Amino acid sequence: MSTTSPERAALPSVTRVSRTRAGVELKEFFRQRESVVFTLVFPVILLLGLGAVLDYDLGSGVDFPQYFMAGVIAAGIVGASLQNMAIHIAGERSDGTLKALAGSPMPKTAYFVGKVAQVVAVTIATIVLLLIVGVLVFGIDLPTGAGWLTFAWVTVLGAAACTLLGITVSSLARNSRSASATITPIALVLEFISGVFMPFDQVPGWLQDVAAVFPVKWLAQGLRSVFLPDALAAREPAGSWELGTVAVVLGVWCVLGLLLCVRTFRWQDR
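Take 886 as the starting number for the sequence shown in our numbering and just add one per residue.
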């Protein structure tokens, strides 16, 4: 009597595994109270605190809360992508999670899809919270017409560039304990020199030149074009919003960030 070998169960598709991994990433993020508070709530606290203390006119009828809305949204995007991404990946590399995932049948692309899904969800939640608080507390003027389209593509390109940069700089942390101390200063310095927390024309000229090399400056500038009147474009270094340059630089950083990720990403500590 002949026996028939049992059929091997088919492995789930990459799409299904990626969707599952995205769910895992979101659950892990929202179960970590510190991450939720720092990434989601901290930008709101910044807006409430600085908006209340620095309530002065910057010209053309623009008060500081209106001006700061672009900066605090940029800070929220950087926190959700570059900072949060880099710290979490460094921790997962240090505790052996990445090594275990690399040795599992899970397609490696599913891991990155899950991380990107987390960034998208957290970024959207952060922006919605900031807009609600800005409108209800400070009467922020929201974009109109084509401004929403500009808001969308600047946010998408900026978040993509910062996410890839976050994956790259995650390799700078030696272990999970040093991850926050290594990566947080990098994010804060980029934000300060990029005019996130103050008018960009108040940043020293040589620091403006340094900031122009990185995507955060262009992200913040693109967002300022959405929330500020055209009259304030004269305060930018080129005297205009340079939206074409914003798109090009952020696009270049997406390509460069991808190349750097391929070059530097490690699934385990050295």
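Virtual Cβ for every residue (Gly too), placed ideally from N, Cα, C. Being a predicted model, the structure only gives us computed values, none of them experimental.
Quiz item: Roughly how many whole angstroms lie between the Cα atoms of residue 893 and residue 901?
Solution: Its pLDDT being 49, under 50, residue 893 is placed unreliably by the model, and the measurement read from it follows with that caveat. Distance between the alpha carbons of residue 893 and residue 901 is about 18 Å.
Exercise. Look at the alpha carbon of residue 964 and the alpha carbon of residue 1133, and state the distance between them as a whole number of angstroms.
Key: 23 Å
Practice problem: Determine the direct distance from the alpha carbon of residue 1015 to that of residue 919, and round the result to whole angstroms. | Solution: 19 Å
Quiz item: Start and end of the alpha helix (DSSP H) containing residue 902?
Solution: Residues 899-916.
Quiz item: What residue does the alpha helix (DSSP H) around residue 1005 start on, and which one ends it?
Solution: Taken as a continuous stretch (DSSP letters only), the alpha helix (DSSP H) holding residue 1005 covers 993-1023.
Self-check item: Buried or exposed by the 16-neighbour rule on C-beta atoms within 10 Å, applied to residue 1049
Solution: buried
Quiz item: Whose C-beta lies closer than 8 Å to the C-beta of residue 1036 among residues of the same chain, with five residues either side of it excluded?
Solution: 1028, 1108 and 1111
Quiz item: Are the Cβ atoms of residue 1138 and residue 1044 separated by less than 8 Å?
Solution: Cβ atoms of residue 1138 and residue 1044: not closer than 8 Å.
Quiz prompt | Inter-stretch contact at 8 Å, needing at least 3 Cβ pairs: the region 994-1011 / the region 908-919 | solution = yes
Quiz item: Taking the alpha helix (DSSP H) that residue 1031 falls in, what are its first and last residues?
Solution: Where residue 1031 is concerned, the enclosing alpha helix (DSSP H) starts and stops at 1031-1054.
Quiz item: What do you reckon, are the CB atoms on residue 950 and residue 1019 nearer than 8 Å?
Solution: yes
Quiz item: What three-state label does DSSP hand residue 1094 in the structure shown?
Solution: helix
Quiz prompt | Contact between the region 1069-1081 and the region 1093-1101 (3+ Cβ pairs under 8 Å) | solution = yes
Exercise. Using only alpha-carbon positions, find the residue among 931, 1057, 1067 and 1124 that is nearest to residue 1086.
Key: 1124
Practice problem: To the nearest angstrom, report how far apart residue 1130 and residue 1062 are at their CA atoms. | Solution: Rounded to the nearest angstrom, the two C-alpha atoms are 38 Å apart.
Quiz item: Taking the continuous alpha helix (DSSP H) assigned at residue 1065, which residues delimit it?
Solution: Unbroken alpha helix (DSSP H) run through residue 1065: 1061-1078.
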